Amino acid sequence: MKISTKGRYGLTIMIELAKKYGDGPTPLKVIARENDLSEHYLEQLATPLRNAGLIKSVRGAYGGYMLPKEPREISAGDIIRVLEGPITPVEGIEDEEPAKQQLWLRIRDAVKDVLDTTTLQDLINYDEDELVQDAYMFYI
1 MKISTKGRYG
11 LTIMIELAKK
21 YGDGPTPLKV
31 IARENDLSEH
41 YLEQLATPLR
51 NAGLIKSVRG
61 AYGGYMLPKE
71 PREISAGDII
81 RVLEGPITPV
91 EGIEDEEPAK
101 QQLWLRIRDA
111 VKDVLDTTTL
121 QDLINYDEDE
131 LVQDAYMFYI
């Protein structure tokens, strides 16, 4: 499975709003400028996030977007599913032989587990110094 720019930039929006949680609304213009991203593209991503209840909008001169829940209550999986759809590494696995089906299901479940157990709070608390020296790199 490959996460597109929709998922990556959507996660960026959500991380930035999580960092500013409790400070009031943040305009997408600020997030776009701070992350060198297209404000127009971020606006397109904000709509499904708002419709899913992951962000809320505030109108007016001091308006913008904010999280309706605490960052610890929103998972990366919540965000990715809204913007990317279901998490599936392979389409049409029912046509595969049983051993391959099992492999694809295990991969799907592992990816879901990581996304569903990683919250916005985890992402804003991330510390590069805590990385294990011999961490594994997986390409799926």
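Heads up: the sequence shown is residues 1 to 140, going by the UniProt record's numbering.
Quick reminder that beta carbons are idealized off the backbone N, C-alpha and C, glycines included.
Given the structure is predicted, the values throughout are model-derived calculations rather than measurements.
Where does residue i fall in DSSP's three states?
i, result
"Thr-26", "strand"
"Tyr-65", "strand"
"Thr-119", "strand"
"Val-82", "helix"
"Lys-56", "strand"
Go ahead and label residue i buried or exposed: buried means 16 or more other beta carbons lie within 10 angstroms of its beta carbon, across all protein chains shown.
i, result
"Ser-4", "exposed"
"Pro-71", "buried"
"Ala-61", "exposed"
"Tyr-65", "buried"
"Thr-117", "exposed"
If you measure from the beta carbon of residue i to each beta carbon in chain B, is any gap under 8 Å?
i, result
"Ala-46", "Protein chains in the displayed structure number just one, and chain B is not present."
Let me check understanding here. Comparing Cα to Cα, which of the options lies closest to residue i?
i, options, result
"Leu-45", "Gly-10, Ala-99 and Gly-24", "Gly-10"
"Thr-47", "Lys-6, Trp-104 and Ile-87", "Lys-6"
"Lys-69", "Ala-52, Leu-83 and Lys-2", "Ala-52"
"Lys-29", "Lys-19, Gly-22, Tyr-41 and Tyr-21", "Tyr-41"
"Thr-26", "Pro-98, Asn-35, Gly-63 and Ile-74", "Gly-63"
Measure the beta-carbon distance from residue i to residue j and round it to whole angstroms, keeping in mind my assumption that it falls under 8 Å.
i, j, result
"Met-14", "Ile-79", "5 Å"
"Asn-31", "Glu-16", "The sequence given here has Ile at residue 31, not Asn. That belief holds up - the Cβ atoms of Ile-31 and Glu-16 are roughly 5 Å apart, short of 8 Å."
"Gly-77", "Leu-105", "No, Gly-77 and Leu-105 are not in contact; Cβ-Cβ is about 17 Å, not under 8 Å."
Check whether the segment 104-111 and the segment 85-95 touch, using three or more Cβ-Cβ pairs below 8 Å as the test. yes
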